[in-house]
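Peer 1: Below is the structure I would like to discuss, written out as structure tokens.
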């Protein structure tokens, strides 16, 4: 048993964690044999589908950084990263702090391992907090006393749902959670979202991937198409280039630029609430 195992009583490290699998894709070391085994299965399945799980994870991380930079440069100074995952390079608070010093960040995750690492990393950082929470209950997050003390939710803020919503397998539950987040966003606020996308992948390969994730602590992964994912931005102004593959999402790319929606991977977009912030 490792020191980390002993420091996390009640955590069964024999069950793969999607956060620790993602850490493995990104080349991190905060993962266990079960996580690595499951991740390697997904890497092999990805090869069969014509993609690379590691490259997709890196591209998703790049999207996160570009989206945070765009929002920080446009005046957003508050960020809530739900399903934040294990700390790595260019975390939200680091990107936001470079482009808008003084930005305040809340990291939220339901994985105790993530919270242990996040709190250790963030010790002494006054503009950043980490707390437990689940995307399925956004009101509990937004109304948490720690969040209310750290942020002013009457002012513009961004909610980040980056590669997390596909682990809410029930479509109605996912739609309800995102709908509630949209209802709570104030004018000028933003929703940053990315979601796994099977595209034109062969059914047998896609099903094999779903089987791997069904054995993780998340319990499964959802299968949703472009239009269903686009529906999460209902009522928001979807910023150019729209809902596109993560490696194609970049500020300044015009809406309608050609993209390959047959390629499996992750789709990403940023939507903002219309209107001007309260004075």
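Numbering (this note's numbering), first residue to last: 43 to 321.
Where is the CB? At the ideal position from N, CA and C, for every residue including glycine.
Output the distance between the C-alpha atoms of residue 234 and residue 60, rounded to the nearest integer angstrom.
Peer 2: Taking the first residue of the chain shown as 1, we reach residue 234 at position 192. Taking the first residue of the chain shown as 1, we reach residue 60 at position 18. Each residue's alpha carbon lies about 20 Å from the other.
Peer 1: Would you decide whether residue 266 is buried or exposed? Buried here means 16 or more other CB atoms lie within 10 Å of its CB.
Peer 2: By one-based count along the chain shown, residue 266 stands at place 224. The residue is buried, with at least 16 neighbouring Cβ atoms inside 10 Å.
Peer 1: To the nearest angstrom, how far is the alpha carbon of residue 281 from that of residue 311?
Peer 2: Translated into positions along the chain shown, residue 281 becomes position 239. Translated into positions along the chain shown, residue 311 becomes position 269. Each residue's alpha carbon lies about 7 Å from the other.
Peer 1: Does the segment 92 to 112 come close enough to the segment 270 to 288 that 3 or more CB-CB pairs lie under 8 Å?
Peer 2: With a cut-off of 8 Å, the segment 92 to 112 and the segment 270 to 288 count as touching, because enough Cβ pairs lie within range.
Peer 1: Excluding sequence positions up to five away, which residues of its chain have a Cβ less than 6 Å from the Cβ of residue 230?
Peer 2: As a working mapping, residue 230 is identified with position 188 in the chain shown. So the list reads 198 and 319, once near-sequence residues are dropped.
Peer 1: What does the Cβ neighbour count give for residue 144, buried or exposed, with the cut at 16 atoms within 10 Å?
Peer 2: The sequence position of residue 144 within the chain shown is 102, counting from 1. Exposed, by the Cβ-count rule.
Peer 1: Here's a check: name, in chain order, each residue in its chain whose Cβ is nearer than 7 Å to the Cβ of residue 222, leaving out the five neighbours to either side.
Peer 2: Taking the chain shown and counting its residues from 1, the one referred to as residue 222 is at position 180. 180 and 181, listed in sequence order.
Peer 1: Buried or exposed, going by whether 16 or more other CB atoms sit within 10 Å of the CB of residue 114?
Peer 2: Counting from one through the chain shown, the residue named residue 114 turns up at place 72. When all chains shown are included, residue 114 counts as buried.
Peer 1: I'd like the span of the alpha helix (DSSP H) that includes residue 111, first residue to last.
Peer 2: Position 69 of the chain shown, counted from the start, is the residue given in the question as residue 111. Looking at the DSSP string, the run of the alpha helix (DSSP H) that includes residue 111 is 95 to 115.
Peer 1: Is residue 147 closer than 8 Å to residue 121 when the C-beta atoms are compared?
Peer 2: As a working mapping, residue 121 is identified with position 79 in the chain shown. As a working mapping, residue 147 is identified with position 105 in the chain shown. Yes, the pair counts as a contact, with Cβ atoms nearer than the cut-off.
Peer 1: In angstroms, rounded to a whole number, what distance separates the CA positions of residue 152 and residue 259?
Peer 2: Walking along the chain shown from the start, residue 152 turns up at place 110. Walking along the chain shown from the start, residue 259 turns up at place 217. Cα to Cα, residue 152 sits roughly 11 Å from residue 259.
Peer 1: Kindly list the residues whose CB is nearer than 6 Å to the CB of residue 85, restricted to its own chain and excluding five residues on each side of it in sequence; keep chain order.
Peer 2: Taking the first residue of the chain shown as 1, we reach residue 85 at position 43. Cβ within range, chain order: 95.
Peer 1: Identify, in the order they occur along the chain, each residue of the same chain with its Cβ nearer than 6 Å to the Cβ of residue 248, setting aside the five sequence neighbours on each side.
Peer 2: Counting from one through the chain shown, the residue named residue 248 turns up at place 206. Around residue 248: 240.
Peer 1: Please return the same chain residues whose Cβ sits closer than 6 Å to the Cβ of residue 324, not counting the five positions on each side in sequence.
Peer 2: Because the chain is modelled from 43 through 321, residue 324 falls outside the range shown and cannot be assessed.
Peer 1: Based on the DSSP secondary-structure assignment, which residues constitute the bridge partners of residue 234?
Peer 2: For this step, residue 234 is matched to residue 192 along the chain shown. BP columns for residue 234 point to 202 and 312.
Peer 1: Does the segment 194 to 213 come close enough to the segment 120 to 136 to have 3 or more Cβ pairs within less than 8 Å?
Peer 2: They touch, by the three-pair rule.
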